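A.B. asks: Residue numbers (full-length UniProt numbering), protein chains in the order written: chain A, 1 to 254; chain B, 1 to 254. For glycine and all other residues, C-beta sits at the position ideal for the given N, C-alpha and C. Every value quoted in this text rests on a predicted model; they were computed, and no experiment measured them.
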């Protein structure tokens, strides 16, 4: 397919690379920032543009991969009302882009991307949705070109999927960061808990997490929890997080 | 060394296996529950006992690996006042077992263990502490037999290390569990977010987590956060967790 990327962030970068590797043509990369457009376009042998007026009308699919709160506005500026326009957001409804075209869809790769870290797209679940059955089928087929895990999921369910991802991924990462700060205050190296982080995630690949829950709260070891809270007394933010999560674990463990 | 395991839980099981594989002799396995003692003892070619009166006085090291709140009591029942007695707890002070022997130590493997899942001990950090310099050295040497990451850490710092581990591991695992429940309510499969969990932990092996934080809170995308909270309105426990973690991410992201 002839693909046009509107956006040059983490998702556009990785998705563009995977589509190109699967044999698709990336015609253009748009970014408001001309340098960003050029940087990604050169990786993808595409033409960089920084003005939507320069959008090539010869694309088969226009992938809008910008910040969630910019999606609707960008879509309303999309000039080709009969071209397939899709966004890549977990949390934005399909309808948010319907002002842009009569043919719309969602192409949401469920992964956390950093520009600097390469990633194997075949293991990344991609959930798609189309404004018609035939668009859903087309997007499912495109997704299958780059991933082994594809599914049609409607907007309502996709939002819940995104919410679950926030808990499992964004929040866990923040807990890693807090752990790092707690260690740093005592001149302890973050390396000491990296294997623990890896193993906890590895367990979740195989088991239901609730069934392998460990730690003071799961043991209802209130003495240890009290001592931890005492240590955190002067860090109200961490204190609150410790308390609310421990209470939730206690309530959900037999 | 001639090792005697007092306890037959997850830590005793994995630690006993690693020590045996490194060429040490496991003489006995004690458990209050005779079946548990037998099960682990047979794996380690050791003698099972369920009464501390039967403890062999010929051991070089007695490893007390029981629930945190049972450690002090068990130690006070330890019969050999001049034999090396160590516990394996992250959160218990060395002094908690000093009533048991004049020679005490801590041998704390920083990992989450499940009996069913085999694990490579060489990557597991082991932090040790002795009631004397020579005991610290001996424990460091024993730790090096099974792990490539060993360090002497005193009780105060070890407690902080354990607290950090609770944040990074126990709490993250609980967030995985919540994500699983959120998905299940919409008949969505947990498999959809397993790659995300794996990648988030993989990133933390290489980067400082605070530098790769993603998600609505890191983007200060208050619209998405509001919609998520609205969805969680009838789940007060998840609502509170979402709110306190999102606020903390917002406060700690530029």
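Use the C-beta contact count for residue 102(A): other C-beta atoms within 10 angstroms, 16 or more gives buried, fewer gives exposed.
C.D. replies: exposed
A.B. asks: Compute the distance between the beta-carbons of residue 87(B) and residue 61(B), then report whether it is under 8 Å.
C.D. replies: no
A.B. asks: Measuring CB to CB, does residue 49(B) end up less than 8 Å from residue 55(B)?
C.D. replies: yes
A.B. asks: Just checking, does the stretch 193–202 of chain A make contact with the stretch 159–175 of chain B on the three C-beta pairs under 8 Å criterion?
C.D. replies: yes
A.B. asks: Looking at the strands, I want to know which residues DSSP matches up with residue 130(A).
C.D. replies: 105(A)
A.B. asks: Give me the DSSP bridge partner(s) of residue 178(A).
C.D. replies: For residue 178(A), which the question treats as bridged, DSSP gives no partner whatsoever.
A.B. asks: My understanding is that residue 75(A) touches residue 105(A), with C-beta atoms under 8 Å, so please give their C-beta distance in whole angstroms.
C.D. replies: At roughly 12 Å, the Cβ-Cβ gap does not stay under 8 Å, so residue 75(A) and residue 105(A) are not in contact.
A.B. asks: Do the CB positions of residue 167(B) and residue 139(B) come within less than 8 Å of each other?
C.D. replies: no
A.B. asks: Along the chain, which unbroken stretches of the beta strand (DSSP E) at least 3 residues long are found entirely within the stretch 74–104 of chain A?
C.D. replies: 84–87
A.B. asks: Can you give the beta carbon distance from residue 113(B) to residue 11(B), rounded, assuming they're within the 8 Å contact cut?
C.D. replies: Right, their Cβ atoms sit about 6 Å apart.
A.B. asks: Evaluate residue 90(B) with the Cβ neighbour count: other Cβ atoms within 10 Å of its Cβ, from every protein chain shown; 16 or more gives buried, anything less gives exposed.
C.D. replies: Looking at its Cβ environment, which holds 16 or more other Cβ atoms inside 10 Å, residue 90(B) is buried.
A.B. asks: For the putative contact between residue 217(A) and residue 250(A), defined by C-beta atoms under 8 Å, what is the C-beta separation to the nearest angstrom?
C.D. replies: 5 Å
A.B. asks: On a Cα-Cα basis, can you pick out the residue from 93(B), 132(B), 149(B) and 118(B) that is closest to residue 110(B)?
C.D. replies: The candidate whose alpha carbon is nearest that of residue 110(B) is 149(B).
A.B. asks: Give the residues of chain B in contact with residue 256(A), contact being defined as C-beta atoms less than 9 Å apart.
C.D. replies: What is shown of chain A runs 1 to 254, which leaves residue 256(A) out entirely.
A.B. asks: Residue 97(B) versus chain A: which residues are under 9 Å apart at the beta carbon?
C.D. replies: Within chain A, no residue comes near residue 97(B); the closest Cβ sits about 16 Å away, beyond 9 Å.
A.B. asks: Would you mind reading off the limits of the beta strand (DSSP E) that contains residue 151(B)?
C.D. replies: 150–152
A.B. asks: Based on DSSP bridge pairs, tell me the residues matched to residue 29(A).
C.D. replies: In DSSP, residue 29(A) forms a bridge with 5(A) and 48(A).
A.B. asks: So which residues on chain B does residue 194(A) lean against when the C-beta distance must stay under 8 Å?
C.D. replies: 204 and 205
A.B. asks: Output, in chain order, the set of chain B residues within a Cβ distance shorter than 7 Å of residue 171(A).
C.D. replies: Per Cβ cutoff of 7 Å: 175 and 245.
A.B. asks: Given this structure, state the Cα-to-Cα distance separating residue 116(B) from residue 164(A), to the nearest angstrom.
C.D. replies: Going by the C-alpha atoms only, they are around 27 Å apart.
A.B. asks: Can a CB atom of chain B be found closer than 8 Å to the CB of residue 82(A)?
C.D. replies: no
A.B. asks: Can you name the residues that DSSP bridges to residue 62(A)?
C.D. replies: The partner list for residue 62(A) (beta bridge, DSSP) reads 4(A) and 85(A).
A.B. asks: Strictly below 9 Å CB to CB, what residues from chain A border residue 117(B)?
C.D. replies: Going along chain A in sequence order, the residues near residue 117(B) (Cβ under 9 Å) are 199, 202, 203, 206, 207 and 212.
A.B. asks: Do you know how far the Cα of residue 41(A) is from the Cα of residue 33(A)?
C.D. replies: Each residue's Cα considered, the two are about 12 Å apart.
A.B. asks: Could you check the C-alpha separation between residue 125(B) and residue 97(A) for me, to the nearest Å?
C.D. replies: 50 Å
A.B. asks: Starting from the beta carbon of residue 160(A), find every residue of chain B whose beta carbon is closer than 9 Å, and list them in chain order.
C.D. replies: Here the neighbours are 182, 183, 185, 186, 188 and 231.
A.B. asks: How many Å lie between residue 147(A) and residue 118(A) at the Cα?
C.D. replies: Straight-line Cα distance between these residues: approximately 15 Å.
A.B. asks: Relative to the C-alpha of residue 36(B), which candidate in 220(B), 7(B) and 26(B) has its C-alpha closest?
C.D. replies: Ranking 220(B), 7(B) and 26(B) by CA distance to the CA of residue 36(B) puts 7(B) first.
A.B. asks: Taking 8 Å as the limit between beta carbons, can you name the residues of its chain near residue 13(B), skipping five residues before and five after?
C.D. replies: 40, 43, 113 and 115
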